[in-house]
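First up is the structure itself, then whatever we jot down about it.
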Amino acid sequence: MKYFATTSKASGRAVDCIIVGIYNRGKLGVGAADIDAASNGRIRSLIKSGDISGATGRVAVLTNVVGVKASRVVVVGLGKPGGLDAAGFRKAVVTATRAIAKSKTRQILNCLTLEPVANSNPYYLARHTVECIGGTLYRFDQMKSGPKKAAMPLNTIGVAIAKRGDAGKATRGAEHADGIVIGMSLARDLGNLPANVCTPSYLARITKKLATGNGRLTTRVLSETEMKRLGMGSLLSVTAGAVEPAKLIVMQYKGAGRDNPVVLVGKGVTFDTGGISLKPGSGMDEMKFDMCGAASVIGTLVAINKMKLPINLTVIVPAVENMPSGTATRPGDIVKSMSGQTIEVLNTDAEGRLILCDALTYARRFKPAALIDVATLTGACVVALGHHRCAIYANEDTLQNELFTAGNNSEDIGWPMPLGDQYAAQLKSNFADMANIGGSGGGSITAACFLAKFTKDMNWAHLDIAGVAWKSGTHKGATGRPVPLLSQFLLSRAGALP
Ligand code: BES
Ligand code: MN
Ligand code: ZN
Numbered sequence: 001m002k003y004f005a006t007t008s009k010a011s012g013r014a015v016d017c018i019i020v021g022i023y024n025r026g027k028l029g030v031g032a033a034d035i036d037a038a039s040n041g042r043i044r045s046l047i048k049s050g051d052i053s054g055a056t057g058r059v060a061v062l063t064n065v066v067g068v069k070a071s072r073v074v075v076v077g078l079g080k081p082g083g084l085d086a087a088g089f090r091k092a093v094v095t096a097t098r099a100i101a102k103s104k105t106r107q108i109l110n111c112l113t114l115e116p117v118a119n120s121n122p123y124y125l126a127r128h129t130v131e132c133i134g135g136t137l138y139r140f141d142q143m144k145s146g147p148k149k150a151a152m153p154l155n156t157i158g159v160a161i162a163k164r165g166d167a168g169k170a171t172r173g174a175e176h177a178d179g180i181v182i183g184m185s186l187a188r189d190l191g192n193l194p195a196n197v198c199t200p201s202y203l204a205r206i207t208k209k210l211a212t213g214n215g216r217l218t219t220r221v222l223s224e225t226e227m228k229r230l231g232m233g234s235l236l237s238v239t240a241g242a243v244e245p246a247k248l249i250v251m252q253y254k255g256a257g258r259d260n261p262v263v264l265v266g267k268g269v270t271f272d273t274g275g276i277s278l279k280p281g282s283g284m285d286e287m288k289f290d291m292c293g294a295a296s297v298i299g300t301l302v303a304i305n306k307m308k309l310p311i312n313l314t315v316i317v318p319a320v321e322n323m324p325s326g327t328a329t330r331p332g333d334i335v336k337s338m339s340g341q342t343i344e345v346l347n348t349d350a351e352g353r354l355i356l357c358d359a360l361t362y363a364r365r366f367k368p369a370a371l372i373d374v375a376t377l378t379g380a381c382v383v384a385l386g387h388h389r390c391a392i393y394a395n396e397d398t399l400q401n402e403l404f405t406a407g408n409n410s411e412d413i414g415w416p417m418p419l420g421d422q423y424a425a426q427l428k429s430n431f432a433d434m435a436n437i438g439g440s441g442g443g444s445i446t447a448a449c450f451l452a453k454f455t456k457d458m459n460w461a462h463l464d465i466a467g468v469a470w471k472s473g474t475h476k477g478a479t480g481r482p483v484p485l486l487s488q489f490l491l492s493r494a495g496a497l498p
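Positions 1 to 498 (the numbering used here) are the ones given, in order, by the sequence shown.
If you want it as structure tokens, here you go:
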């Protein structure tokens with residue numbers, strides 16, 4: 001993809017498509033006003049006739065507009081004048097992109113970047129533009145037979161800027177978004193692939209492939225034998241019922257010499273049946289998405305590698321299948337984690353924390369500057385925060401705030417959640433150092449408290465992404481979240497933001 005930033009007028013640029021906006025009560029945006037003037041009032045007359053409107057969600061594609069060099073003008077509703085924020089801006093770009101998704105558009109110039117958007121600037125408006133166009137054009141059809149629907153042949157995205165001086169920032173925003181889109185698309189592919197394709201071995205294979213021929217990237221994969229040698233009894237108890245072998249994947253991106261790395265750990269349960277504590281049948285297919293934590297940290301590493309950020313990043317993925325069988329772990333079994341702490345497995349469906357705790361203990365050897373695990377950990381998190389925000393836990397306020405801010409700035413939002421002794425006490429076991437479930441109430445919090453027992457003296461945070469990693473229903477599919485939040489965190493840590 002090629003990117004450009006331009007100060008030329010909306011009407012004056014010969015591209016396949018320009019995007020302009022109008023507000024309620026007939027107020028024209030900057031680009032729309034220029035188009036209107038160049039075309040003898042075409043925009044105003046279409047507003048009068050009701051064919052276009054400023055209402056949010058409304059969109060129309062105009063072709064052959066006289067006085068305008070672009071072959072298509074997409075006019076999108078921006079709602080209340082003066083009320084546009086980054087989320088509204090993103091929605092408008094998505095709406096406009098959908099309207100032309102079936103066309104043969106090769107170049108898009110987004111003129112919405114000239115609108116006043118609350119708390120934004122040319123860098124973020126360019127980034128949102130490219131992220132939203134890329135995300136909207138994403139398709140997953142590799143498992144369907146027959147001829148594939150031709151994708152839109154888009155090769156150039158431009159953003160309008162008010163002054164020359166903004167060009168550098170806007171282009172940088174577009175280029176960062178390019179990396180984020182590539183990372184999100186990979187994360188979505190991995191999430192969408194069925195569990196009979198995307199196995200722990202498959203994840204090991206593709207992560208090795210990502211590193212081959214790349215001087216900054218290495219991938220190491222530990223086998224079950226090696227994990228046994230390390231004492232990862234908790235992780236291995238989850239894979240006990242599965243035929244597919246478990247893998248521990250370790251990827252390292254080196255962009256900053258000998259600095260301590262940020263370490264991301266992603267839950268990679270390639271299918272979660274619940275094990276002997278079997279899940280109900282309806283909707284169980286969605287548990288192929290239980291590796292979206294893994295997918296998002298791998299996707300983030302790919303994004304950071306594409307941006308060539310000056311930072312060190314280590315990604316650890318414990319990858320397992322959670323299956324019931326004669327060899328599976330039983331409720332009540334007691335296992336020993338790599339940390340030495342023993343765990344009574346009261347429910348084999350609380351398996352995410354069992355693999356994460358050993359991966360977090362393993363992460364210690366990298367002396368992380370920050371350690372962040374990402375997991376589709378609990379249904380309770382979905383009850384608490386729904387599908388809009390992920391839960392952000394941390395044993396340290398600065399890191400929690402840093403992640404909260406990263407979510408806000410990238411429009412991949414989260415919400416700070418508490419830890420605490422009262423919640424941790426729910427994990428008491430009569431027989432082992434702790435139980436793997438915390439009983440009724442605060443299920444996302446007690447899961448986080450469980451992980452906190454393995455990250456003492458480390459700068460640690462945990463993202464419960466159960467509500468945001470995928471969509472159910474007619475739009476069922478992986479979202480690629482929280483690749484933008486994590487990328488933003490790393491962009492900020494690397495000092496790469498304007
Ligand atoms: N992968 C699930 C969490 C999940 C459930 C994510 C539904 C998204 C939608 C996790 O392994 C799990 O099963 N958690 C249990 C924990 C319980 C047994 C304490 C849950 O949330 O029900
Ligand atoms: Mn489970
Ligand atoms: Zn799970």
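Glycine is no exception: its CB is placed at the ideal position from the N, C-alpha and C atoms.
Put simply, the segment 472-479 does not touch the segment 165-175. Fewer than three CB pairs are less than 8 Å apart. Contact between the segment 153-169 and the segment 225-234 is not established, with fewer than three Cβ pairs separated by less than 8 Å. Under the three-state reduction of DSSP output, residue 294 falls in the helix class. The beta carbon of residue 204 lies closer than 6 Å to those of 221, 247, 249 in the same chain, with the five residues before and after it left out. Around residue 179, the same chain offers 303, 306, 307 as residues with beta carbons nearer than 6 Å, after the five sequence neighbours per side are excluded.
By the 16-neighbour rule on beta-carbons within 10 angstroms, residue 388 is exposed. Going by DSSP, residue 72 is part of the beta strand (DSSP E) stretching over 72-77. Within its own chain, the residues whose Cβ lies closer than 8 Å to the Cβ of residue 275, once the five positions on either side in sequence are excluded, are 238, 241, 322, 323, 324, 328, 329, 348, 349, 351, listed in chain order.
Proximity of the beta carbon of residue 113 to the ligand ZN is not indicated: no heavy atom of the ligand is located closer than 7 Å. Residue 124 places its beta carbon less than 8 Å from that of residue 86.
A direct Cα-Cα distance of roughly 13 Å separates residue 142 from residue 191.
Listed by position in the chain, the residues whose beta carbon lies within less than 5 Å of some heavy atom of the ligand BES are 272, 290, 347, 349, 350, 352, 376, 378, 379, 437, 466. By the Cβ test, the segment 287-304 is in contact with the segment 484-493, since at least three Cβ pairs between them sit closer than 8 Å. Contact between the segment 337-344 and the segment 279-299 is absent, with fewer than three C-beta pairs closer than 8 Å. Note that the C-beta distance between residue 458 and residue 371 is below 8 Å. According to the DSSP assignment, residue 344 belongs to the beta strand (DSSP E) that extends over 342-344. Short of 6 Å from the beta carbon of residue 30, and not among the five residues preceding or following it, lie these beta carbons of its own chain, in chain order: 114. At a Cβ-Cβ threshold of 8 Å, residue 419 and residue 375 do not count as neighbours. Within 10 angstroms of the beta-carbon of residue 361 lie 16 or more other beta-carbons, which makes it buried.
For residue 313, the enclosing beta strand (DSSP E) starts and ends at 312-322.
CA-to-CA, the gap between residue 412 and residue 461 works out to about 17 Å. Assigned with DSSP and collapsed to three states, residue 142 falls in coil, not helix or strand. Apart from sequence neighbours up to five positions away, the residues of its chain that approach residue 427 with a beta-carbon distance below 7 Å are 434, 435, 438, 446, 449, 450, ordered along the chain. In the three-state reduction of the DSSP assignment, residue 464 falls in the strand class, which pools E and B. Separation of residue 378 and residue 16 (C-alpha to C-alpha, rounded to the nearest whole angstrom) is 46 Å.
Following the DSSP letters along the chain, one finds residue 122 inside the alpha helix (DSSP H) bounded by residues 122-137. Taking the Cβ of residue 119 as the reference point, every heavy atom of the ligand MN lies at 7 Å or farther away. Excluding sequence positions up to five before and after residue 199, its CB lies within less than 6 Å of the CB of 244, 270, all in the same chain and listed in chain order.
By the neighbour-count definition (other C-beta atoms within 10 Å, threshold 16), residue 197 is an exposed residue. Here the alpha carbons of residue 497 and residue 34 stand approximately 32 Å from one another. Of the residues assessed, residue 42 falls on the buried side of the cut-off, its CB having 16 or more other CB atoms within 10 angstroms.
In the displayed model, residue 454 falls within coil according to three-state DSSP, outside both helix and strand. Within 7 Å of the C-beta of residue 274 there is at least one heavy atom belonging to the ligand MN. The DSSP-derived three-state label of residue 249 is strand. Counting only the Cα atoms, residue 11 lies some 7 Å from residue 70.
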